[in-house]
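Participant:
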Amino acid sequence: MPQVTADANQGEVRAGHLSGLVGYHVRRASNAMVADFAEQLQDLGIRPTLFAMLSILSENPGINQGLLGRTLGIQRANMVPLVSDLMGRGLIERRDVPGDKRAFALHLTRAGAAMFEQCHDRIAAHEDRMLSRLDEAERDQLIDLLGKIDPDA
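One point on numbering: in the working numbering, the residue at position 127 of the sequence shown is 129, and numbering is uninterrupted.
1. Is Asp130 helix, strand or coil by DSSP?
2. Val99 bridges to which residues according to DSSP?
3. Quick check on Gly64: buried or exposed, where buried means 16 or more other Cβ atoms within 10 Å of its Cβ?
4. Note the first and the last residue of the continuous alpha helix (DSSP H) segment covering Leu43.
5. Please work out which residues of its chain come closer than 7 Å, Cβ to Cβ, to Phe39, disregarding the five sequence neighbours upstream and downstream, and give them in chain order.
6. Helix, strand or coil: which one does DSSP assign to Leu93?
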């Protein structure tokens with residue numbers, strides 16, 4: 003287990019009980035993954051949440067806004083500006099749902115599909131780089147183990 007180091011004038015700082023806490027390691031790994039993820043898409047103006055929305059829409063055309071939000075764990079009030087952002091960029095569109103005047107089906111536009119593919123390629127490279135010390139079986143195992151912590155993921 004690597005030691006957490008401080009300023010060279012202070013010497014090494016021991017992580018103590020933190021080194022045995024799964025949550026501590028999950029958070030540090032998450033922070034590293036999210037920071038690099040965001041950096042990969044920064045020039046496109048796509049944040050992790052927007053990428054997740056594009057990804058779900060690419061696999062589930064016509065999903066309604068409420069189900070999309072629940073799938074990603076996004077509060078209803080937060081979905082409105084996110085959907086508006088993607089619509090304003092011409093990446094998604096809302097279509098009426100026949101028989102339900104209150105519901106809208108969300109779809110990627112051609113530009114949205116192209117943006118998703120561009121983002122997906124970058125994120126695939128990001129994952130390969132960040133997880134380069136894991137073989138394929140270890141990656142699969144990591145996903146399975148993390149899924150046991152959050153069964154809704």
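All residues carry an ideal CB built from backbone N, CA and C; glycine is no exception.
Facilitator: In short, the structure shows the following:
1. Sequence index remark: in the sequence shown, residue 130 carries index 128 (1-based). In this structure, Asp130 counts as helix in the three-state DSSP scheme.
2. In the sequence shown, the residue the question calls residue 99 occupies position 97. According to DSSP, Val99 bridges with Asp102.
3. Taking the sequence shown and counting its residues from 1, the one referred to as residue 64 is at position 62. Gly64 is exposed by the Cβ-count criterion.
4. In the sequence shown, counting from the first residue as 1, residue 43 sits at position 41. Run containing Leu43: Val24 to Leu43, per the alpha helix (DSSP H) assignment.
5. Against the sequence shown, residue 39 aligns to sequence position 37. Around Phe39: Pro50, Ile125 and His128.
6. Within the sequence shown, the letter at position 91 stands for residue 93. DSSP places Leu93 in coil when its eight states are reduced to three.
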